[in-house]
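What follows is a single structure, written as structure tokens, with notes after it.
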Amino acid sequence: DYFIADGIDNDGDGFIDEGIDLASDEKDDGVDNDNNGTIDDDAEYSWGADIDNNLLIQDGRKYPTLLNGDINPYYIPDNISANWDVKGNYRYNEEKVKLEFDIFTYDFGSDGLPGNPFIDQAGDGNYQIGEPLINFQFDEYLSDCGLDGICKYTVRPFDLDGDGILDTEGVLNDAWVGPDADGTEGDGEWQPGDGWIDLNGNGQVDIPVNWIGDSYIETTQDNYNDVWPLPNGTWNNGEVIYIDANGNGVYDSGEIILIDGLAMDGFIGEPFEDLNGNGVYDITFDIISIDDDGNTIVNTYYETFIDLNNNGGYDAPTGEFDGVFDTGDGLYAFAGEPFSDDNENGIRDPGETYTDTNNDGLYNAPDLIDNYQFIDDVNGDGLSDYPDFEIDNRKVEFRIDYDPNPDFNMTLQTGYSWTKTQQVTGTGRYIADGFEYKFYQLRSRYKNWFSQFYMNESFSGNTRGYLLGNRIIDKSKNYAFQIQNNFNLNKLNTKLVWGMDYFRTEPKTFGTILNDGPNGYDNDGDDVFIKDNGVDDDGDGMVDDKICPDGEGEGFRYGKYWHCTEGIDEPDEFVDPTSNEYGIYYQSTTELFGTSRYEFITAARFDYHDLLDEGVLFAPKLGFIYKPDSKSSMRFTYGKAHNTPNSITLFTDLFITRTGNLNIYLRGNKDGTPYCREGEPCFGNEVYSVVEPGFYSEDGNTYYKMGTLDNSDYFTDYNNRVRGAPYFYKLDVAGTLLSGDMLPLDTSVYVIFVPEINGDGVLYTPEETINLPDVDPIKTEKIQTIEFGYKGFLGNRTHFSLDYYLSFYEDFFSPPTIITPLIVNRQFDDNGNDITTVHNFGSVAGLMPINDIGTHPPYGTAWNGLDDDEDWDLYADEFGWRDDKNGDCPDGAGTIDPCWADPGEWGIVMLEAGVKNGVAYDAGQIFHPYEFLYEQNGYPALKVENFPDLDAGKYLAVGVDEFHGTTGLSEYELVQTGLYDSNGEPIISGHGNASNITDLVLSPMNYGEVWMQGLDFGLTHFLTENIIIDGNFSWYGTTEFYNELTKKNDPINAPKWKWNASIKGTSAIGDFIVNFRHVDKFKWSDGIWAGIIGPYNIIDLFYTYHITDNLDFNLSALNLNNDLHRELVGGAVMGRQIVMRFTSTF
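This is how it looks when you write it as structure tokens:
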């Protein structure tokens, strides 16, 4: 434990100081991480997540002083609780290597725009009759006539004796045909209209009491006050926008009227009837209750509102002027504008004058400044994880040659290099800190024979990642042996070269890059059986311990939880990435027609890679060269080549980061992703069927289904619906009891969402979901290329070259992309149409694993209608299950025939004596489901109270597809693990469901077939013998890199156009070269990085002055024009670089 290694077992698990004893140790670091004036307070635990959600300091404005006694610069007197937190936006300044904040100080609503005040007028310029008072009293018959003003009666009916019964019928109005369209007529309320005058301007109807209150006017078409619609707090077209020069909030004569100004909008929402008291307008809401007979009663309520602007819909509050700060001033890391601190409290109080330095008409407050304590070691391993931009290269080589005669020579060469530099990879930034490289080479020639042997080895030193601080350990080696012979076939005018080579690669990364060592998780899925089997499986003298192979205990390492039970990091989990490659080749060059002007070239290679199941690969080449004269040549070639995937591409197993409950890994793609599909032979699970879970009534005549929520017909034709569908791991219940195991994907409920590290992701249609393509494994790239080239002179001083190539790739592999799709709930709009926008997909229901590790097939045995755990027969007599409820038993079936076990035959057996509804029972007491459950909208619900042991889960669930209140549908098949316990007995596990599968995997994909082509043109002109100008341009084209999972074209990570120009000269005062380089704009995506590179234009200058015959002065000015740009997304910004050096030769 690198924070409190105190020799105490703080978490009480029997091990001292293992990894991290307490979860808080990560946070209790002696640093004020959230800048609120206190060290290691509770608010720091969520500080990083808070900032991502614009919460900078919890309760940062609540108190006038900080907890350490300092004045709180963000305190606001008489503040509301919604503003106690300091909120704001943030950005990262890469040049200053600091966070910059913009604190929210303004209440400008959801649009974040300040705007100007406006005169909020009533009315719309149209005459509306409205609702009058009768003798200053509200009359339910003659006043409540709706906005059309047409009442039902012209003479009201009367209840003369007050007994609630009308004594006179009144006189009906012939013009009245029914309630008016806005629905206000007859609702018992006096509502605003043209007959209503809002005397106090409060926007509320104040019925006069003792002549005090609002008034009205009997209106006509020619005589009316236009007060409807009401002033509504929101700007309407035609209302005047002005500059409130004196800040009094009221328009004063002479203040500037704005023609195209932006209006402030303090709209608080249209008035509504808040029936459920939640403070939010709800069109409808349901209240569900159960009657005495156990029936579900659903009452639907509708909330009404006043449509102030007559647009037919409810208008919600904009959030402006609600008293909550919701935007900043757009100035990041701003020190604040000067103000007259009249009371010297360090805070600008209302009324204190200020200097408007940026002339925006607003006071710009100081922002939170990044003065956090500098901590450079993110994981406590003693190595700094702060970006270190120092570049340090050291190199030494030794060589000895032995040449006894012209027919024989031998060379022994060795070298060592040490490097410290930055590395940008597809998974993040790393520092190669002390990376060592050694090589040894022995080569020899005897007459026309050549042979060599060499070995390379590396050591990664303290190479580590900046994000997690994870150290990379690499002690890999490469060996190679080659032998080659050449001879002439003079009769055929042919020169022939042939040879053989052997390459051996021995990667050794100790689990830090490849799956060749401990990585803290279960690679083969057997830990669930091994960790509690009572056997010392790892041979360390302790049974079922939690000690890792390195002697440390479980805990957080490098951003993830590192597990150390005995079924994790076993030697049989690791792969051996050692590879052996063998090759045989030849090349011949033949002069045709007896002249060197025509040459015909043939070549071929035969290669074999022992880690790839591809057999021997054959790569032929053909070429024809024509030389019209000594200054020009033309060539036409065809060649096939192979690009073999390396160990990184095949066997990588590198943790990148964690998001929510999901771990993101970069993994090799040696085997592809043969997504398991229902009904197909994969992972030993060829058959899948669902028998809807449920239970029988007391008389055995009624079967209560309880498989899915609010859809009683869901399982109708379910088994046919999922035929051939891919399996996914269902994370939680979320609408169906079928969870915690692998399920076939039912597209009536679920669809696939493929997340992207650098994008919005892709939401599949149901058709695309059911036809999810497998990701093919990475194979050797096969490249066939045709080339045409010409080079020659135009005149005596100008040389030009032209080259065109066309390449056809097979099994072209991509940068890493996510190959574990998520499964989300399918969404529909109000009209039943699919919602297919990527920003509106449903909640995550599960994910698609890439293999069977941890899935424990066969799948879905907890709801297949069979007694998989073999406990039905033990309790069948007690529960009375010996009948054949579904009639599937043939005549004469034996008593042990499994056909007698029917779906719905399950119950519970109490583990201890207890009380149910005041009635005592003994341990072993059985209860049928109908005694404590009823079916509610497709789900089981408790029908009894005062049954504490049921609530606590103190019972066994037994029978067929039994349901347990704690674990859900938990009957899984008995698994023959192939393991043995401490007594030598086979371990038979009931853990037949999938383990918790939470890994998102990035992996290179096989794009399949891709065409590429390119054209290069170069021109060199000799102005004089000492001055040369040169130029070339390149064009690159390719077919699209179509990603079958994301349904998108991935970028090709290369520009389509680029060109260069240079001038070179020599003189008595030195040699110089001036280069110009242009690179076109292009998209880039690789792993976690994505963005746009270019365009950029670079001018480089190289100058050499010969001081003596043995001493030179060199000046290199790269990017002399200082065009700031990136040449790699994730890399540093490149600017001007000037290097001077002296070079001595002797």
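Numbering (the working numbering), first residue to last: 451 to 1596. Backbone N, C-alpha and C define an ideal beta-carbon position, used for all residues, glycine too.
Write down the C-beta distance between residue i and residue j rounded to the nearest angstrom, noting that I regard them as a contact closer than 8 Å.
{"i": "ILE1303", "j": "GLY975", "result": "4 Å"}
{"i": "ILE1273", "j": "LEU1450", "result": "Incorrect: roughly 13 Å between the Cβ atoms, too far for contact."}
{"i": "LEU515", "j": "ASN522", "result": "Correcting the residue identity first, residue 515 is Thr in this sequence and not Leu. Indeed they touch by this definition, with Cβ atoms about 6 Å apart."}
{"i": "TRP1350", "j": "ARG1332", "result": "6 Å"}
When you compare only the Cα positions, how much space is there between residue i and residue j?
{"i": "VAL1589", "j": "ALA1567", "result": "6 Å"}
{"i": "ILE733", "j": "ASN1281", "result": "16 Å"}
{"i": "LEU649", "j": "ILE526", "result": "36 Å"}
{"i": "PHE1522", "j": "ALA1582", "result": "28 Å"}
{"i": "GLY1442", "j": "THR1305", "result": "8 Å"}
{"i": "ASN543", "j": "ASP817", "result": "15 Å"}
{"i": "GLU1031", "j": "GLN873", "result": "29 Å"}
{"i": "LEU917", "j": "ARG879", "result": "7 Å"}
{"i": "ARG1591", "j": "PHE1563", "result": "6 Å"}
{"i": "ARG1576", "j": "ASN1111", "result": "34 Å"}
{"i": "PHE1024", "j": "ALA882", "result": "25 Å"}
{"i": "ASN749", "j": "GLY1292", "result": "27 Å"}
{"i": "LYS1506", "j": "GLY1458", "result": "22 Å"}
{"i": "ASN1119", "j": "ASN906", "result": "26 Å"}
{"i": "ASP443", "j": "ILE718", "result": "Residue 443 lies beyond the range of the chain shown here (451 to 1596); nothing can be said about it."}
{"i": "TYR1088", "j": "GLU1260", "result": "16 Å"}
{"i": "GLY469", "j": "THR877", "result": "Residue confidence is low: GLY469 scores 44 on pLDDT, short of 50, so the model does not pin down where it sits. Its coordinate-derived value is still stated next. Distance between the alpha carbons of GLY469 and THR877: 25 Å."}
{"i": "LEU506", "j": "MET714", "result": "27 Å"}
{"i": "GLY633", "j": "ARG606", "result": "21 Å"}
{"i": "ASN1290", "j": "GLN1277", "result": "8 Å"}
{"i": "VAL690", "j": "ASP535", "result": "36 Å"}
{"i": "PRO567", "j": "PRO642", "result": "25 Å"}
{"i": "ASN759", "j": "TYR577", "result": "15 Å"}
{"i": "PHE1243", "j": "SER1082", "result": "7 Å"}
{"i": "ILE980", "j": "PRO957", "result": "29 Å"}
{"i": "GLU1218", "j": "GLU1494", "result": "10 Å"}
In terms of residues, what are the limits of the alpha helix (DSSP H) holding residue i?
{"i": "LEU833", "result": "Unbroken run through LEU833: none, as it is neither H nor E."}
{"i": "TYR1325", "result": "1322-1329"}
{"i": "ARG1171", "result": "1168-1171"}
{"i": "THR1219", "result": "1216-1220"}
{"i": "THR1099", "result": "1097-1101"}
{"i": "ALA499", "result": "497-502"}
{"i": "VAL874", "result": "From DSSP, VAL874 is part of no alpha helix (DSSP H) but of the beta strand (DSSP E) over 858-875."}
{"i": "PHE979", "result": "977-980"}
Over what stretch of residues does the beta strand (DSSP E) that includes residue i continue unbroken?
{"i": "ALA1091", "result": "1082-1093"}
{"i": "VAL1066", "result": "1066-1079"}
{"i": "LEU1392", "result": "1389-1392"}
{"i": "ARG1369", "result": "Note on identity: in this sequence residue 1369 is Val, with Arg being the wrong assignment. That run of the beta strand (DSSP E) goes 1369-1371."}
{"i": "GLY628", "result": "No beta strand (DSSP E) contains GLY628, which DSSP labels as neither H nor E."}
{"i": "GLN641", "result": "Neither: GLN641 is in no beta strand (DSSP E) and is coded neither H nor E."}
{"i": "ARG511", "result": "Premise fails: ARG511 is in no beta strand (DSSP E) and is neither H nor E."}
Quick check: is any heavy atom of the ligand HEM less than 7 Å from the C-beta of residue i?
{"i": "LYS1155", "result": "As far as ligands go, the structure on display features none, and thus does not contain the ligand HEM."}
At 4 residues or longer, and completely inside the stretch 1463-1548: list those alpha helix (DSSP H) runs for me, N to C.
none
Does the pairing of the stretch 1361-1378 with the stretch 1334-1347 give three or more beta-carbon distances under 8 Å?
no
With contact counted as at least three CB pairs below 8 Å, one residue from each stretch, are the stretch 774-792 and the stretch 543-562 in contact?
yes
Counting Cβ pairs, one atom from each stretch, are 3 or more of them under 8 Å apart for the stretch 718-731 and the stretch 754-761?
yes
Per the contact definition of three or more C-beta pairs closer than 8 Å, is the stretch 1000-1007 in contact with the stretch 955-963?
no
How about the stretch 580-589 and the stretch 835-850: do they share at least three Cβ pairs that are nearer than 8 Å?
no
To test your reading of the DSSP string, which unbroken alpha helix (DSSP H) runs of 4 or more residues are found completely within the stretch 516-589?
none
Whole alpha helix (DSSP H) runs in the stretch 1373-1415 with 4 or more residues, listed along the chain?
1398-1401
Do the stretch 909-924 and the stretch 823-835 make contact, defined as three or more Cβ pairs closer than 8 Å?
yes
Do the stretch 1033-1040 and the stretch 930-950 meet, that is, are 3 or more Cβ pairs less than 8 Å apart?
yes
When the Cβ atoms of the stretch 1095-1103 are set against those of the stretch 1214-1233, are three or more pairs found closer than 8 Å?
yes
Are the stretch 885-902 and the stretch 852-863 touching by the rule of at least three beta carbon pairs closer than 8 Å?
yes
Report yes or no: do three or more beta-carbon pairs, one from the stretch 1010-1024 and one from the stretch 932-943, lie closer than 8 Å?
no
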